[in-house]
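Heads up, the sequence shown stops at 142 in my numbering, and the numbers go up one at a time, no gaps. Accompanying notes for the structure given below.
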Amino acid sequence: MNTEYIFKAASMLATLQWLLLIIFPNSKFNRWLMAYAVVPLLLSLIYCIYIAGFFQVQGGGFGSMQQVRVLFNNDNLLLAGWVHYLAFDLLAGFAIVKSAQELKLSHFIIVPCLILTFMFGPVGFLLYQIIKYIKMTNEKAV
């Protein structure tokens, strides 16, 4: 199948899940999607299909930047890498939402974390960890 089509479809699917996390975190539908990790599972399936070409790329691997560059010169493996990011960033977003709900943090406080996780993965996760640390430190001080 056309990698550009799959790229757009996977990106749209992930974006829709992010919008649900940000705008409707407590909706019954979103809670179901999160409980069963539906979107990350679909993205994982796509990943499995496209990563299969990994073993066919001469000079590719994970031992050096040059080897990774060789892999990402292949459209199927570039797509696999992108879908990998989409799936794991969503899982990080799920963890942020669940943790924030357990800590009874206002959803408005974590929206920036979710947006940053969507756009820049680890940056949003780091911001959430800082907020979580402050919250937990303040609770201990009381």
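C-beta atoms are modelled at their ideal positions from N, C-alpha and C, and glycine is treated no differently.
Nearest residue (CA-CA) to residue i, options the options
i, options, result
"K98", "V83, G53, K132, F7", "K132"
"M136", "A80, F29, T117, K104", "K104"
"V39", "G63, A100, A9", "A9"
"H107", "S44, F24, Y47", "F24"
Cβ separation of residue i and residue j, assumed to be a contact under 8 Å, to the nearest whole Å
i, j, result
"G53", "N74", "6 Å"
"V70", "G59", "5 Å"
"A35", "L86", "So it is not a contact: roughly 19 Å between Cβ atoms."
"A100", "I115", "That pair is no contact at about 14 Å."
"N76", "Y50", "5 Å"
Proximity below 8 Å, CB of residue i to CB of residue j
i, j, result
"L90", "C113", "no"
"A92", "F125", "yes"
"L33", "L20", "yes"
Outcome for residue i when other beta-carbon atoms lying within 10 angstroms are tallied against a minimum of 16
i, result
"Q143", "The requested residue 143 is not part of the displayed model; the chain covers only 1 to 142."
"L16", "exposed"
"L41", "exposed"
"M1", "exposed"
"V83", "buried"
"I6", "buried"
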